[in-house]
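Residue numbers (the working numbering): 97 to 224. Each remark here refers to the structure printed beneath this line.
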Amino acid sequence: YKGVLDDRSRGVFDGTIIVRQDAQKTDAHQTNRNLLVSENALVDSTPRLQILADDVKCTHAATIGQIDEDQVFYLRSRAISQETARNLLIQAFVSEVLHTMRIGPIRAGLECLLFTRLRKGHGAGVEP
97 YKGVLDDRSR GVFDGTIIVR QDAQKTDAHQ TNRNLLVSEN ALVDSTPRLQ
147 ILADDVKCTH AATIGQIDED QVFYLRSRAI SQETARNLLI QAFVSEVLHT
197 MRIGPIRAGL ECLLFTRLRK GHGAGVEP
């Protein structure tokens with residue numbers, strides 16, 4: 097799951113992978129990545145593993161970060177405005193999720209929503 101939070105947004109991810117005792121050879125992964133695009137946005141991410149089997153491969157991860165100012169600087173050095181640079185970085189962050197959507201009209205609708213919100217200066221939450 098991925099999230100982009102702006103203004104005074106609050107996000108919560110609370111996920112648990114449960115592997116039962118009889119589920120040997122399970123291969124499970126859980127990831128939550130969040131991009132905070134304002135100083136007032138907050139996110140609480142709690143990925144959990146509850147493993148009762150012996151022979152499994154399970155991972156979990158969570159990241160919470162802000163727009164990389166070095167990347168903004170690089171884009172600005174290519175004559176791209178501050179706002180456009182930030183929007184491009186947000187789009188790049190979200191594009192992985194959008195490109196996994198197999199139903200074209202739904203993907204197109206979400207892309208339109210994202211681009212509309214970015215033009216208005218708002219973030220948007222996206223999940224797979």
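Here a beta-carbon is modelled for each residue, glycine too, at the ideal position from N, C-alpha and C.
Exercise. On the premise that G111 lies in contact with G99, defined as a C-beta separation below 8 Å, what is that separation, rounded to the nearest angstrom?
Worked result: 12 Å between Cβ atoms; not a contact.
Exercise. Assuming F109 and T142 make a contact with CB atoms under 8 Å, what is their CB distance in whole Å?
Worked result: 7 Å
For this session: Please go through the region 142-212 and give each complete alpha helix (DSSP H) segment of 4 or more residues, from N-terminal end onward.
Result: 165-172, 178-195
Problem set entry | Status (buried if at least 16 other CB within 10 Å, exposed otherwise) for N130 | buried
Problem set entry | Residue span of the beta strand (DSSP E) that contains V100, given as start and end | 98-101
Exercise. Sorted by chain position, which residues of the same chain lie with C-beta nearer than 8 Å to V133's C-beta, five sequence neighbours on each side aside?
Worked result: V100, L101, D102, Q162, I163, R182, I186, G219
Problem set entry | 8 Å contact criterion, which D151 and K121 should meet: CB distance rounded | 6 Å
Problem set entry | Boundaries (first-last residue) of the beta strand (DSSP E) holding T127 | 123-132
Problem set entry | Contacts around V115, its chain only, beta-carbon distance under 8 Å, and the 5 residues preceding and following it disregarded | T122, A124, L145, Q146, I147, L148, A149, V152, C154
Problem set entry | Classification of F189 by the beta-carbon crowding that lies within 10 angstroms, buried from 16 upward | buried
For this session: Measure the alpha-carbon distance for C225 versus T180 and round it to whole angstroms.
Result: Examination of residue 225 is not possible in this model, given that the chain is present from 97 through 224 alone.
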